[in-house]
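Asks: Note that full-length UniProt numbering numbers the sequence shown so that position 564 is 564, with each residue one more than the last. Okay, here's the structure, questions in a sec.
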Amino acid sequence: MHTNQSRIMNTQTSFFDDASKDSSAKADDKIIAQMRALIEVLKRHNHAYYVMDAPTISDGEYDGLRRELMTLEEQHPDLIQPDSPINTVGGEPLPFFTQVAHEVPMLSLGNVFNADDLSGFLRRANERLGVVIDEYEMELKLDGLAVSLKYQYGQFIQAVTRGDGQVGEDITHNVRTIRNLPLTLAGCEQIKRLEIRGEVLMPKAGFEKLNRESTARGEKTFANPRNAAAGSLRQLNAAIAAARPLAFFGYSVNDGLPDGITTQSGAMQWLGQLGFETAPFEIAKSLDEIQAFYAHIIKTRSQLPFEIDGLVIKVNDLGLQARLGFLSREPRWATAYKFPAETVPTRLIDVEWQVGRTGTLTPVGRLEPITVGGVTVSNVTLHNFGEVERLGVMIGDMVNVHRAGDVIPKVSGVIGELRPTDAKPILLPKACPVCQSPISLPEGEALARCTGGLYCAAQQQEALIHFVSRRAMDIDGLGSQWLIKFFEMGLVRTVADIYKLHKQAEHLITLEGMGDKSVTKMLSAIETSKQTTLPRFIFALGIRGVGESTALSLAQQFGDLQPIIDADLQALQAVPDIGEVTAQSIYDFFRASHNIEVVQALIEAGVHWQAMDTPDKSSLPLAGETWVVTGTLGSMGRDEAKDKLIALGAKVAGSVSAKTTRLLAGEKAGSKLEKAQKLGVAVVLEDEFLALLTSYDQA
Ligand code: IVH
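Here it is as structure tokens:
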């Protein structure tokens, strides 16, 4: 009864339900039809844009259609189509990335750079199989990021980055928004598990547009399309990736390939039928045919809509691939045939000399702007005067520019035949371009320096910026732009003037772009920075050769600033990781009266730190001794010997003098040994040294 009654009840309610559904179903159908139409148009456009590189509608129209679909999805979230290119589902950013282990590791490819290497690779594959491989498949090597995609019964379910090859990160939320990615695969309803691997990249046009927009908004730009793609996939918020012009190109089916498909090219065709873009591919029957395709692509690659960095040569027969297998982390059935780094000729219009924090003069070449590897380059560093001489480059020359390590542009050479008759030599300026102090370029050195020290405005500015930086005094509220402005206005000359800025508060408030609030914030950040640590303070002084770790060593060795100021060269050299040059530079720094004045002013302004504990060395066995190490030791490097001596309480100096207690002499000891003998300094040979270490448990 109960059952029946409830059935009647149910029938009744369902009757009403059906009736109301009937009218709303019609409305839904209409919405769905609208959504489907928009999705199809967007899909067609994606294909035209990404694959054919021939957009059929303008970006504005495209965005309009996307927005229309997005609005419909917002109003009817229950009707969102599974293959919608818009990701409005789960719009909340993820708290973190989930790690996912790859069922089959994602390995990398070996490299070849020329026909000889390639021929060696092919020969080894033939020999191993004992047959002549008669078909290779060549694919463009896309310059993006490898991802693995999983589909279940034809529905996209997961995307994972390559990671370390064993474990990657789940980026499903971002990949779902990629416009050319099919989210439903027609005809795959029966395939339980399908894994497809491929590359996510940003086409050149989209990359340039993205950077233009970022520039217009005053935001940071990406160095190249690959970084832009990587940055987009590394977002926890899918909305950011969705707004980026990413594309997916498949290049392998790792699980779920139908039985009848026995070649890589067949797998690629199948991917195409499923609606994937694939890495463009061709078949070759011989090394000559590979060479011809390679040469053709090198010539035409700049016209491709995306960046590539080579070809991938794969054995086409999947059965042979399986027999060849892997050698450690690389397949024996495929290799990357890399392109030489793209070099582009352009004219060197001029050279300007920039002065760095420690006075180094860097020649910066101004170029007629060119695009190298997808990035516009108009300046190039020539590093130092030695490099200018090595290249033999002159102003007016045509030079070849490439991007080293894919980011920093470099001049690889001069096109001598194209040198104009009015080419001008690049001369080291006689005086600093900023402060007119003399330039020094010691014999045989590549680095020229302005001798102006903190008298030089360029060095002053750089010193100020260094002083406030995060790892130094960490004055967060005082950005470098304001600092330079204050410098130019004459409000701040030396770092000590930063602590006098509070006296100018009234004046600062009146500056454009600066208000009550920002002045308060800035002054309080300056105030807070007064309490610092000794290593930070030493680092902040910007002494040449004293980076963070040296600053820490100095602080640990001497405990406070005054002993460092007072230290002689030998004491400085006895600090672990300080050599002759740095010891001299620290010594000179504290002998210059203007530096001492600045340090005093800082302390008077209230900058303070806690003294540090110094190791008590007086009870150590070699306390009070000064050693010098020379020659080649068989059992350890000189630095190691130096550390062991320091651990035993000795000072280690770089040169022999009357103060030297003992000289540790290895093989081929030269002038230091002679000098020690002349001065009557005790000479210790390696065997005795080792015996000494053993006796003190230091071996
Ligand atoms: S096949 C066993 N094909 O190159 C590895 N890789 O250097 C099989 N890549 O991590 C990879 N285009 O990110 C293959 N057409 C292509 C490729 C390609 C780009 C990348 C991929 C891989 C890297 C290896």
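For each residue, glycine too, the CB sits at the ideal point set by N, CA and C.
What's the call for Q436, buried or exposed, on a 16-neighbour Cβ count within 10 Å?
Replies: For the purposes of this step, residue 436 is taken as the residue at position 436 of the sequence shown. Exposed is the call here.
Asks: Might you give, ordered along the chain, the residues of its own chain that have their beta carbon closer than 8 Å to the beta carbon of V41, omitting 5 neighbours on each side?
Replies: Translated into positions along the sequence shown, residue 41 becomes position 41. L65, listed in sequence order.
Asks: Going along the chain, which residues of its own chain have a beta-carbon closer than 6 Å to the beta-carbon of S440, five neighbours each way excluded?
Replies: In the sequence shown, residue 440 corresponds to position 440, counting from 1. So the qualifying residues of the chain are R449 and T451.
Asks: Roughly how many whole angstroms lie between the Cα atoms of S58 and H45?
Replies: In the sequence shown, the residue the question calls residue 58 occupies position 58. In the sequence shown, the residue the question calls residue 45 occupies position 45. Cα to Cα, the separation comes out at about 10 Å.
Asks: What number of angstroms, rounded off, separates the C-alpha of Q610 from the C-alpha of T694?
Replies: Residue 610 sits at position 610 when you count from the first residue of the sequence shown. Residue 694 sits at position 694 when you count from the first residue of the sequence shown. Answer to the nearest angstrom: the Cα atoms are 37 Å apart.
Asks: Should A322 be listed as close to the ligand IVH, given that the test is whether its C-beta is under 6 Å from any heavy atom?
Replies: Here residue 322 refers to the residue found at position 322 when the sequence shown is read from its first residue. Because no heavy atom of the ligand IVH lies under 6 Å away, the Cβ of A322 does not count as near it: no.
Asks: In chain order, what residues of the same chain have a beta carbon less than 7 Å from the beta carbon of G545, not counting five sequence neighbours either side?
Replies: One-based indexing of the sequence shown puts residue 545 at position 545. Closer than 7 Å at the Cβ level, and outside the excluded window around G545, lie V581, T582 and S585.
Asks: Helix, strand or coil for M398 per DSSP?
Replies: Translated into the one-based positions of the sequence shown, residue 398 becomes position 398. Here M398 sits in strand by DSSP.
Asks: Answer with buried or exposed for A658, where buried requires no fewer than 16 other C-beta atoms within 10 angstroms of its C-beta.
Replies: Stepping through the sequence shown from its first residue, residue 658 is reached at position 658. When all chains shown are included, A658 counts as exposed.
Asks: Compute the minimum distance between the beta carbon of Y251 and the heavy atoms of the ligand IVH, and state whether it is under 6 Å.
Replies: Taking the first residue of the sequence shown as position 1, residue 251 is located at position 251. Y251: yes, Cβ under 6 Å from the ligand IVH.
Asks: For H608, list the residues DSSP reports as bridge partners.
Replies: As a position in the sequence shown, residue 608 is number 608, starting the count at 1. For H608, which the question treats as bridged, DSSP gives the partners Q531.
Asks: Compare the C-alpha of H102 against each of F248, A146 and A647 and name the closest.
Replies: Position 102 of the sequence shown, counted from the start, is the residue given in the question as residue 102. Among F248, A146 and A647, the Cα nearest to that of H102 belongs to A146.
Asks: Would you kindly check if the distance between the Cβ of I308 and the Cβ of V344 is under 7 Å?
Replies: Translated into positions along the sequence shown, residue 344 becomes position 344. Translated into positions along the sequence shown, residue 308 becomes position 308. Contact: no.
Asks: Is the stretch 226-242 touching the stretch 273-293, taking contact as three or more C-beta pairs under 8 Å?
Replies: No, the stretch 226-242 does not touch the stretch 273-293.
Asks: Between the C-alpha atoms of P615 and S593, what's the straight-line distance to the nearest angstrom?
Replies: One-based indexing of the sequence shown puts residue 615 at position 615. One-based indexing of the sequence shown puts residue 593 at position 593. So the two alpha carbons sit approximately 30 Å from each other.
Asks: Could you name the residues of the same chain whose beta carbon sits closer than 7 Å to that of K285, not counting the 5 residues immediately before and after it, in chain order?
Replies: Mapped onto the sequence shown, residue 285 falls at position 285. The residues are D134 and E135.
Asks: Measure the Cβ-Cβ separation of A241 and T177 and say whether it is below 7 Å.
Replies: In the sequence shown, counting from the first residue as 1, residue 241 sits at position 241. In the sequence shown, counting from the first residue as 1, residue 177 sits at position 177. It is a contact, given that the beta carbons lie within the stated cut-off.
Asks: In the stretch 187-261, which residue ranges form an unbroken beta strand (DSSP E) of at least 3 residues, counting only runs that do not cross its ends?
Replies: 193-201 and 247-255, all fully within the stretch 187-261.
Asks: So for Y153, helix, strand or coil by DSSP?
Replies: Your numbering for residue 153 matches position 153 in the sequence shown. Here Y153 sits in coil by DSSP.
Asks: Taking all protein chains shown into account, decide if H507 is buried (16 or more other Cβ within 10 angstroms of its Cβ) or exposed.
Replies: The residue given as residue 507 occupies position 507 in the sequence shown. The residue in question, H507, is exposed, as its Cβ has fewer than 16 Cβ neighbours within 10 Å.
Asks: What first and last residue would you give for the alpha helix (DSSP H) that runs through P563?
Replies: Counted from its first residue, the sequence shown places residue 563 at position 563. P563 -> alpha helix (DSSP H) spans L561 to D566.
Asks: From what residue to what residue does the alpha helix (DSSP H) around Q436 run?
Replies: Position 436 of the sequence shown, counted from the start, is the residue given in the question as residue 436. Careful: Q436 lies outside any alpha helix (DSSP H) and carries neither H nor E.
Asks: Specify, as a first and last residue, the run of the alpha helix (DSSP H) that K644 falls within.
Replies: Along the sequence shown, one-based indexing puts residue 644 at 644. First-last of the alpha helix (DSSP H) with K644: R638 to A647.
Asks: In whole angstroms, what separates the C-alpha of A665 from that of A574?
Replies: Residue mapping note: residue 665 aligns to position 665 of the sequence shown, counting from 1. Residue mapping note: residue 574 aligns to position 574 of the sequence shown, counting from 1. Distance between the alpha carbons of A665 and A574: 18 Å.
Asks: With hydrogens ignored, establish whether the beta-carbon of E686 is closer than 6 Å to any heavy atom of the ligand HEM.
Replies: You won't find the ligand HEM in this model; what it holds is the ligand IVH.
Asks: Rounded to the nearest angstrom, what separates L602 and G490 at their Cα positions?
Replies: Position 602 of the sequence shown holds residue 602. Position 490 of the sequence shown holds residue 490. Roughly 18 Å between the two C-alpha positions.
Asks: For T262, does the count of other Cβ atoms within 10 angstroms reach 16, so buried, or fall short, so exposed?
Replies: Counted from its first residue, the sequence shown places residue 262 at position 262. Counting Cβ neighbours within 10 Å, T262 comes out exposed, since fewer than 16 surround it.
Asks: Just to confirm the assignment, what range does the beta strand (DSSP E) spanning S412 have?
Replies: By 1-based counting over the sequence shown, the position of residue 412 is 412. Where S412 is concerned, the enclosing beta strand (DSSP E) stretches over I408 to V414.
Asks: Here's a check: name, in chain order, each residue in its chain whose Cβ is nearer than 7 Å to the Cβ of R536, leaving out the five neighbours to either side.
Replies: On the sequence shown, position 536 is the one that residue 536 refers to. Taken in chain order, the residues that qualify are A472 and M473.
Asks: Is the number of C-beta pairs between the stretch 514-523 and the stretch 450-466 that are closer than 8 Å three or more?
Replies: Result no; under three Cβ-Cβ pairs closer than 8 Å.
Asks: Heavy atom of the ligand IVH less than 6 Å from the Cβ of L304, yes or no?
Replies: If you number the sequence shown from 1, residue 304 lands on position 304. Flag unset: Cβ of L304 not near the ligand IVH.
Asks: Does DSSP classify W482 as helix, strand or coil?
Replies: The count along the sequence shown starts at 1 and reaches residue 482 at position 482. Three-state result, W482: helix.
Asks: Would you mind sorting L210 into buried or exposed? The rule is 16 or more other CB atoms within 10 Å of its CB.
Replies: By 1-based counting over the sequence shown, the position of residue 210 is 210. Flag for L210 reads buried.
Asks: What alpha helix (DSSP H) runs, 4 residues minimum, are completely inside the stretch 287-367?
Replies: 287-300 and 318-324, all fully within the stretch 287-367.
Asks: Using the C-alpha atoms, what's the distance from Q459 back to G392?
Replies: Counting from one through the sequence shown, the residue named residue 392 turns up at place 392. Counting from one through the sequence shown, the residue named residue 459 turns up at place 459. Answer to the nearest angstrom: the Cα atoms are 29 Å apart.
Asks: In chain order, what residues of the same chain lie with their CB nearer than 7 Å to the CB of Q291, ignoring the 5 residues before and after it?
Replies: Residue 291 sits at position 291 when you count from the first residue of the sequence shown. Here the set comprises A115.
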